[in-house]
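Worksheet for the structure shown next.
Protein chains in written order, with this note's numbering: chain X, 1 to 297; chain H, 298 to 720.
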């Protein structure tokens, strides 16, 4: 009995403290959402280009022959009128020019307009035909792409990128937005600046140019080649003794695995150049790292 | 029971006290020293500075600009090629090859063609201060003073049969100007210049001159970085919904020259207003300008005053506005390529004054004009408008010498080159 009272009192007290804390930080936010959808006719050779801002983009391929989209514009503000007014400043434009279908959202301001005070966001849900090449340019937000088997080009800043089951030509340029991916295959080119890269289940030809990044590549198979040029980065590869390695490391920590016997390593206090060609028939992994750590698992 | 409550409350209060204290905990201090490799100083560029390519270390610049003008049977065209090379920090040498051709059509056709080569060392005098103030500096950009000299040969053909002559000059000049690269392949060089065209041919007078200049054209160099157009949004106004523009063209606004004992000067105030029609790609553009030109010869006690008013009302269709909006290069404004159709009025009123008698000459053209052009709104207060067009209409003329009024149908060619300020 005593125990039960003890427990109850303690729970009440905690609840009171928590609710006081929450009450202090709580404000009511009005959320205005505008949703619209549509589709654009697609023929072979036509590509889709998204030019978006503050957008959360979810895109995947499907067996159909049209580009389908559902877009939500969301404005959040403590005052309903402000949210409504700011939502009107968010514009949408789409259309086909030549062999490209463009979609763009942006905030349009006339000379008398004030900058939006609301938290504005666009959410794209897009389905494209399997063979439709895709280009995404996004600033602030999130990009999630899956099941694309054509050409994929992503240029983004301040946007996290998630790729899943992509094959073909993949080009990603990211600044201040982490890139993660699984099941990637093809010609993969990544240019990242202050963006971590975390890939697993990858194959093909891979070029990575990164600065200030944590690069982790796991489950690498059927590799044609892997080039990584990085500065101030941590590189971790889980690929074992199945490749030839060309290493150019400067001011970098590298703990050599036991199985790795270097051919003619040239080493001084800060730089190390070495080759490991135990299996000349194997694909090459070429790592150039200036300042950082390198690890092979 | 009360005891249990008291215990619980005490425990809770103790927990709160500990949590609060842990935020302001200062009970341990440790000192250590570390060696850091500092990054280079980060310079934050404004979008305008980025548009002016201040992030690029420009050591040389190959510049090309051209202009063309057609008016009342006179065709003028010029082509200017310059190579500017940095020679020291803040100093450069600009080599210019300039060709100008004027063809006068009419009853007694004639033509002038000249080619000039000049060298001008330039001092970008704000460079050192900018470096001290940690402001971005890019060589070959900014305010400069220059002095230069050149050699000009002018080939004058009086008419097809009578004769020609080669005239040689040595221009000596001083300049104050501001040069900026603009985006990847553009440049703007504006300023004032004064100088002396020393004649090297005995039969031609030397001249003094003072004028404003605006050179806009293409610039080529080797850049290190690829230009990121998204960073240029505030400059290129990719979010702006401009519905009304009030603008004034600053090209050739003032010209002043002193030729032996003759003074020639002109001023050309102008204003244009453009209204966008709803959210459509159509607009109405109106332009009003008047050139006041005065020349006085003390040697012959003779002066000429010319007023050249112009008015244009045209409808514009911005044919690639939609595409530029889709690609994120503009908002729904007035920054795109256009075709235009409208009406134009041009007058030229001469007042020839001498102690013996005053005479007047008048040419007035009224007609329709069609053209195409490129308008770009840059930042909040600048614009660029290049256009080319043809017109057809009626020209009324009055010749004060003979007292004859006449009119005839004629065509005009129009090359518009506007870079200026918008309010």
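Beta carbons: idealized from backbone N, C-alpha and C, even for Gly. Given the structure is predicted, the values throughout are model-derived calculations rather than measurements.
* Asked: Taking DSSP as the reference, what is the three-state secondary structure of residue 522 (chain H)?
  -> Along the second chain, one-based indexing puts residue 522 (chain H) at 225. Here residue 522 (chain H) sits in coil by DSSP.
* Close Cβ partners of residue 27 (chain X) (< 7 Å) along its chain, the five nearest in sequence each way excluded -> Sequence index remark: in the first chain, residue 27 (chain X) carries index 27 (1-based). Excluding positions up to five away in sequence, the list reads 78.
* **Chain-order list of residues whose beta-carbon lies under 6 Å from that of residue 384 (chain H) (same chain, five-residue window excluded)** => What you label residue 384 (chain H) is simply residue 87 of the second chain in a count that begins at 1. Excluding positions up to five away in sequence, the list reads 390.
* Among all the DSSP beta bridges, which residues are the ones paired with residue 449 (chain H)? -> In the second chain, residue 449 (chain H) corresponds to position 152, counting from 1. Answer is H:413 and H:466.
* Exposure of residue 611 (chain H), with buried meaning 16 or more beta-carbon neighbours within 10 Å -> Residue mapping note: residue 611 (chain H) aligns to position 314 of the second chain, counting from 1. The residue in question, residue 611 (chain H), is buried, as its Cβ has 16 or more Cβ neighbours within 10 Å.
* Assign residue 424 (chain H) to one of three DSSP states: helix, strand, or coil. => Your numbering for residue 424 (chain H) matches position 127 in the second chain. Here residue 424 (chain H) sits in helix by DSSP.
* **Through-space distance from residue 29 (chain X) to residue 324 (chain H), alpha-carbon basis** => Residue mapping note: residue 324 (chain H) aligns to position 27 of the second chain, counting from 1. Residue mapping note: residue 29 (chain X) aligns to position 29 of the first chain, counting from 1. Confidence at residue 324 (chain H) is low in this model, with a pLDDT of 40, below 50, so the placement of that residue should be treated as unreliable; the coordinate-derived value is given next. Those two C-alpha atoms are separated by around 41 Å.
* Rounded C-beta distance between residue 210 (chain X) and residue 197 (chain X)? I'm assuming under 8 Å. -> Locating residue 210 (chain X) in the first chain gives position 210, counting from the first residue. Locating residue 197 (chain X) in the first chain gives position 197, counting from the first residue. Contact holds; Cβ gap of about 6 Å.
* Could you give the distance in angstroms between the alpha-carbon of residue 115 (chain X) and the alpha-carbon of residue 536 (chain H)? -> Along the first chain, one-based indexing puts residue 115 (chain X) at 115. Along the second chain, one-based indexing puts residue 536 (chain H) at 239. Cα-Cα distance, rounded: 11 Å.
* To do: Enumerate in chain order the residues of its own chain whose CB-to-CB distance from residue 326 (chain H) is below 8 Å, with the five nearest sequence positions on each side excluded.
  => Within the second chain, residue 326 (chain H) is the residue found at index 29, counting from 1. Here the model assigns residue 326 (chain H) a pLDDT of 45, short of 50, so the residue's position is not dependable, and the following value carries that caveat. Excluding residues within five positions, none has a Cβ falling inside 8 Å.
* Asked: In the region 84-96 of chain X, which residues sit with their C-beta less than 7 Å from some C-beta in chain H, listed in chain order?
  -> 93 and 95
* Anything in the region 621-642 of chain H with a Cβ closer than 8 Å to a Cβ of chain X? List those residues in chain order, please. => 622, 623, 624, 625, 628 and 629
* C-beta neighbour in chain H for residue 106 (chain X), strict 7 Å -> Your numbering for residue 106 (chain X) matches position 106 in the first chain. Closer than 7 Å to some Cβ of chain H, the Cβ of residue 106 (chain X) qualifies, so yes.
* Asked: Residue range of the alpha helix (DSSP H) that residue 438 (chain H) falls in?
  -> Start at 1 with the first residue of the second chain, and residue 438 (chain H) comes out as number 141. No alpha helix (DSSP H) holds residue 438 (chain H); DSSP gives it neither H nor E.
* Between the region 657-667 of chain H and the region 515-527 of chain H, do three or more beta carbon pairs fall short of 8 Å? -> no
* Those residues which DSSP pairs with residue 284 (chain X) across a bridge -> In the first chain, the residue the question calls residue 284 (chain X) occupies position 284. Beta-bridge pairing links residue 284 (chain X) to X:225 and X:244.
* Asked: How big is the Cα-Cα spacing for residue 506 (chain H) and residue 643 (chain H)?
  -> For the purposes of this step, residue 506 (chain H) is taken as residue 209 along the second chain, with counting starting at 1. For the purposes of this step, residue 643 (chain H) is taken as residue 346 along the second chain, with counting starting at 1. Cα to Cα, the separation comes out at about 27 Å.
* To do: State the DSSP-derived secondary structure class of residue 532 (chain H), mapped to helix, strand or coil.
  => One-based indexing of the second chain puts residue 532 (chain H) at position 235. Note: residue 532 (chain H) maps to helix in three-state DSSP.
* **Integer Cβ distance of residue 349 (chain H) from residue 438 (chain H), believed to fall under 8 Å** => As a working note, residue 349 (chain H) is residue 52 in the second chain. As a working note, residue 438 (chain H) is residue 141 in the second chain. Right, the Cβ-Cβ distance comes to about 6 Å (below 8 Å), so this counts as a contact.
* Asked: For residue 473 (chain H), is the classification buried or exposed, using 16 other Cβ atoms within 10 angstroms of its Cβ as the cut-off for buried?
  -> Stepping through the second chain from its first residue, residue 473 (chain H) is reached at position 176. Exposed is the call here.
* To do: Would you mind sorting residue 698 (chain H) into buried or exposed? The rule is 16 or more other CB atoms within 10 Å of its CB.
  => Position 401 of the second chain, counting from 1, holds the residue named residue 698 (chain H). When all chains shown are included, residue 698 (chain H) counts as exposed.
* Asked: Does residue 536 (chain H) get closer than 7 Å to chain X when you measure Cβ to Cβ?
  -> Counting from 1 along the second chain, the entry for residue 536 (chain H) is found at position 239. For residue 536 (chain H), the answer is yes, since a Cβ of chain X falls inside 7 Å of its Cβ.
* Reducing DSSP to helix, strand and coil, say where residue 148 (chain X) ends up. => Translated into the one-based positions of the first chain, residue 148 (chain X) becomes position 148. Note: residue 148 (chain X) maps to coil in three-state DSSP.
* For residue 99 (chain X), the first and last residue of its enclosing alpha helix (DSSP H) -> Looking up residue 99 (chain X) in the first chain gives position 99. Careful: residue 99 (chain X) lies outside any alpha helix (DSSP H) and carries neither H nor E.
* Asked: Which partner residues of residue 357 (chain H) appear in the DSSP bridge assignment?
  -> The residue you call residue 357 (chain H) lines up with position 60 of the second chain. For residue 357 (chain H), which the question treats as bridged, DSSP gives the partners H:382.
* Can you list, in chain order, the stretches of the beta strand (DSSP E) that have 3 or more residues and sit fully within the region 621-657 of chain H? -> 633-650
* Asked: Cα separation between residue 608 (chain H) and residue 568 (chain H)?
  -> Translated into positions along the second chain, residue 608 (chain H) becomes position 311. Translated into positions along the second chain, residue 568 (chain H) becomes position 271. Going by the C-alpha atoms only, they are around 10 Å apart.
* To do: Apply the 10 Å Cβ neighbour rule to residue 272 (chain X) and answer buried if 16 or more other Cβ atoms are within range, or exposed otherwise.
  => In the first chain, counting from the first residue as 1, residue 272 (chain X) sits at position 272. Per the 10 Å Cβ criterion, buried.
* Start-end ranges of the beta strand (DSSP E) lying completely within the region 651-694 of chain H, minimum 3 residues -> 655-675
* To do: Work out the CA separation of residue 151 (chain X) and residue 248 (chain X) for me, nearest whole Å.
  => For this step, residue 248 (chain X) is matched to residue 248 along the first chain. For this step, residue 151 (chain X) is matched to residue 151 along the first chain. Approximately 31 Å, taken between the alpha carbons.
* Rounded straight-line distance, which links the Cα of residue 712 (chain H) to that of residue 533 (chain H) -> In the second chain, counting from the first residue as 1, residue 533 (chain H) sits at position 236. In the second chain, counting from the first residue as 1, residue 712 (chain H) sits at position 415. Taking the straight line from one Cα to the other gives about 24 Å.
* Asked: Closest by CA to residue 645 (chain H), which one among H:353, H:694, H:700 and H:576?
  -> The residue given as residue 645 (chain H) occupies position 348 in the second chain. Here the closest residue by C-alpha is H:694.
* To do: Just confirm the distance between the C-beta atoms of residue 50 (chain X) and residue 57 (chain X), as a whole number of angstroms; I'd bet it's less than 8 Å.
  => In the first chain, counting from the first residue as 1, residue 50 (chain X) sits at position 50. In the first chain, counting from the first residue as 1, residue 57 (chain X) sits at position 57. Correct: roughly 6 Å between the Cβ atoms.
* Asked: Run through DSSP, which three-state label would residue 133 (chain X) get?
  -> Here residue 133 (chain X) refers to the residue found at position 133 of the first chain. The answer is coil: DSSP assigns residue 133 (chain X) none of H, G, I, E or B.
* Would you list, in chain order, the members of the region 51-65 of chain X that have their beta-carbon closer than 8 Å to a beta-carbon of chain H? => 51
* To do: Would you identify the three-state DSSP class for residue 55 (chain X), choosing helix, strand or coil?
  => Within the first chain, the letter at position 55 stands for residue 55 (chain X). Three-state DSSP puts residue 55 (chain X) in a strand.
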